[in-house]
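Engineer: Protein chains in written order, with this note's numbering: chain A, 97 to 263; chain B, 3 to 56.
I'd like to ask some things about the structure below.
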C-alpha cells in the first residue's frame, strides 16, 4: 500500500501530486478534445520555431537568439500546460491509476516511442552535418522527448464528460 | 448512486465509469464482476457483446 505522500523516483512525482491532478476540476476547461488538440498544435508550432532558430547564426543576431530563448521558455510552460490538460496521466505510476488509465498510458507510450525516433534522428543528422547550432537543437529535442507522451495523449484522448449531479 | 460513489466502491476513477457508460471502454472481468456485485445486477444485464453484422 502506498505510504502517505510517497515520492516516485522514476516518474518524479509524489502521490499527492498525482491524486490531486487526477481529481482536480480547476483546469477542466483545458480538458475538452478541441482545447487539448489546440494545445498540442501550439506546442508543436513553438517547437518547430525553436528548431528553426538553431539554423540561424544566433551569435551574430541577438534578437533571434532572444526569440529562441523566449521560445524555450514557452516550451517549458507549454509542457506543464499540456501535462495538466491530460491530468499528468502520462507520468503517473501504475500504483495510482486504475486499469483503464494504465491501458491508455501504455498505449500512448507505444505511439510516443515509435514517434520518438524522428526527432532524435533529425537532431543527430543536423548536428553531424553541422547545419544547426547545438544549443537550440538540444533544447527542442529535449522538450520534444519530455512532452511526447503527453502530446500523444492530448491528441488522442476524448474530452472528459462532467460528473452528473447526484439524484 | 452517483458515478463517483460507484467508482469509489469498485476502485476506479469516476471518469472510467463514464467511459464504461458510453461504451468507450471495455472493463476487465474483475472490474465487471465488481460492478455487477455492487449494483446487484447479473453480469449479462450490464455487459453484452454488440450484435455483429453478418
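Think of the CB as a built atom: it goes at the ideal place given N, C-alpha and C, for glycine as much as any other residue.
Note that the coordinates shown come from a computational prediction; the quantities given were computed from them, not determined experimentally.
1. Three or more C-beta pairs closer than 8 Å, one from the stretch 111-125 of chain A and one from the stretch 152-167 of chain A: is that the case here?
2. Throw me the rounded Cβ distance for the residue 109 of chain A and residue 187 of chain A pair, which I believe falls under 8 Å.
3. Apart from the five residues on each side of it in sequence, which residues of its chain come closer than 8 Å, Cβ to Cβ, to residue 102 of chain A?
4. Which one of A:256, A:222, A:242 has the shortest CA to CA distance from residue 152 of chain A?
5. Closest to residue 79 of chain A by CA distance: which of A:233, A:107, A:138 is it?
6. Please tell me whether residue 194 of chain A has its Cβ less than 8 Å away from any Cβ of chain B.
7. Output yes if chain B places a C-beta closer than 8 Å to the C-beta of residue 118 of chain A; else output no.
8. Using three-state DSSP, classify residue 128 of chain A as helix, strand or coil.
9. What residue does the alpha helix (DSSP H) around residue 102 of chain A start on, and which one ends it?
10. Looking at the C-beta of residue 26 of chain B, does it have a partner C-beta in chain A at a distance below 8 Å?
11. Quick check on the DSSP output: the alpha helix (DSSP H) that includes residue 245 of chain A runs from which residue to which?
12. Rank A:146, A:257, A:132, A:114 by C-alpha distance to the C-alpha of residue 160 of chain A and give the top, closest one.
13. Determine the contact status of residue 150 of chain A and residue 257 of chain A, defining contact as a CB-CB distance below 8 Å.
Structural biologist: Considering the structure as presented:
1. no
2. Here residue 109 of chain A refers to the residue found at position 13 of the first chain. Here residue 187 of chain A refers to the residue found at position 91 of the first chain. About 6 Å; that satisfies the 8 Å criterion.
3. Start at 1 with the first residue of the first chain, and residue 102 of chain A comes out as number 6. Hits under 8 Å: 110, 111.
4. The residue labelled residue 152 of chain A in the question sits at position 56 within the first chain. When each option's Cα is compared against that of residue 152 of chain A, the closest is A:222.
5. Here chain A has residues from 97 to 263 only, and residue 79 of chain A is not among them.
6. For the purposes of this step, residue 194 of chain A is taken as the residue at position 98 of the first chain. Residue 194 of chain A counts as touching chain B.
7. Position 22 of the first chain holds residue 118 of chain A. Chain B contact via Cβ: present.
8. Within the first chain, numbered from 1, the residue matching residue 128 of chain A stands at position 32. Coil, per DSSP.
9. Indexing the first chain from 1 puts residue 102 of chain A at position 6. Neither: residue 102 of chain A is in no alpha helix (DSSP H) and is coded neither H nor E.
10. Here residue 26 of chain B corresponds to residue number 24 of the second chain, with the count starting at 1. Output row for residue 26 of chain B: interface = yes.
11. Within the first chain, the letter at position 149 stands for residue 245 of chain A. Residue 245 of chain A -> alpha helix (DSSP H) spans 230-252.
12. Translated into the one-based positions of the first chain, residue 160 of chain A becomes position 64. Nearest option by C-alpha distance: A:146.
13. The sequence position of residue 150 of chain A within the first chain is 54, counting from 1. The sequence position of residue 257 of chain A within the first chain is 161, counting from 1. No, these two residues do not count as a Cβ contact at 8 Å.
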